[in-house]
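Participant: Residue numbers (our numbering): 5 to 126.
Let me give you the structure first, and then I'll get to my questions.
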Ligand SMILES: [Zn+2]
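Quick look at the structure:
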């Protein structure tokens, strides 16, 4: 019996963190991870009930393992103290898969790129 679910491997790309779990992979978009950042400033924003604004173009800069239980992520907007334990990442991955959160971020970026519908006005 396995006690905790640890990822078999973790790979970092600018737009996403991909984790290989014993029962399958999950990929978390940088914007999803950033929206769920657990650094002190973000935590205090949440405690005050404020919305955490995320730049859709935010990217992952670095990932440092914290012992055997977590990873610390650094983002392009300067947030670098968010520590993500494996169970937290696993929960985020499940939520993202169900709500297709990571997909909509990508779709937004593609829409922005091809947004030249101004010519349709009058
Ligand atoms: Zn943060």
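Don't be surprised by glycine CBs; every beta carbon is placed ideally from N, CA and C.
Residue 159 and residue 48: beta carbons closer than 8 Å?
Facilitator: Nothing in the structure corresponds to residue 159, since the chain is present only between 5 and 126.
Participant: Give the DSSP-derived three-state secondary structure of residue 80 in the structure shown.
Facilitator: coil
Participant: Can you tell me where the beta strand (DSSP E) holding residue 34 begins and where it ends?
Facilitator: Looking at the DSSP string, residue 34 is not in any beta strand (DSSP E); the run it does join, the alpha helix (DSSP H), is 34-39.
Participant: With three or more beta-carbon pairs closer than 8 Å as the criterion, would you say the region 30-41 touches the region 49-60?
Facilitator: yes
Participant: Report the rounded CA-to-CA distance for residue 65 versus residue 88, giving the unit in angstroms.
Facilitator: 15 Å
Participant: Quick check on DSSP: helix, strand or coil for residue 13?
Facilitator: For residue 13, the three-state secondary structure derived from DSSP is strand.
Participant: Compute every distance between the C-beta of residue 45 and the non-hydrogen atoms of ligand 1, then say whether any falls below 7 Å.
Facilitator: yes
Participant: When burial is assigned at 16 or more other CB atoms within 10 Å of the CB, is residue 28 buried or exposed?
Facilitator: Here residue 28 is exposed, its C-beta having fewer than 16 other C-beta atoms within 10 Å.
Participant: In the DSSP output, which residue or residues are listed as bridge partners for residue 22?
Facilitator: 15, 31
Participant: Who does residue 74 pair with in a DSSP beta bridge?
Facilitator: 70, 89
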